[in-house]
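Here it is, written out as structure tokens:
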């Protein structure tokens, strides 16, 4: 069965609390792109929160600024412009805070399920479910935006 047409994300951003986590989360996003769960043209960003306990509002604004910087550079602008955001589909996912004894974070907790329509056989985690729901169930038909 063929996967229905989903949102062609311009940028997917995963915010995290600690700088040490940025590279690991960036790599996880890239793995999903190689598995074709995320289109090849999608810009993937893992972004550290600007301050501790900044909250999801501050993390979202910071993520939008970083997205605007990258999209402005991609479009050939020499300064950051919000014009690049008008036609962009941006998915921002927040990792939230870390908990003691939670070795992989809530986003990467493996779930007792499988994805028979997935391009490869692999463990399914919360992040995979969120990407699927936002891309194929909630996002289609929505206008550009965050």
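Residue numbers (the UniProt record's numbering): 1 to 146.
Glycine is no exception: its CB is placed at the ideal position from the N, C-alpha and C atoms.
Subject >> alpha helix (DSSP H) segments (min. 4 residues) lying fully within the stretch 83-144 >> reply: 126-132
Original post:
Which residue's Cα is closest to the Cα of residue 30: 127, 146 and 144?
Top reply: Minimum Cα distance to residue 30 is reached at 127.
Subject >> Residues near residue 43 by beta carbon distance below 8 Å, same chain, minus five either side >> reply: 10, 11, 12, 67, 70, 71 and 74
Subject >> For residue 8 and residue 140, the rounded distance between their alpha carbons >> reply: 9 Å
Original post:
Are residue 61 and residue 80 touching if we call contact CB-CB under 9 Å?
Top reply: no
Subject >> Where residue 69 sits in the DSSP three-state scheme >> reply: helix
Original post:
Identify the residues that DSSP records as bridge partners of residue 61: which are they?
Top reply: Paired residue(s): none; residue 61 is not in a bridge.
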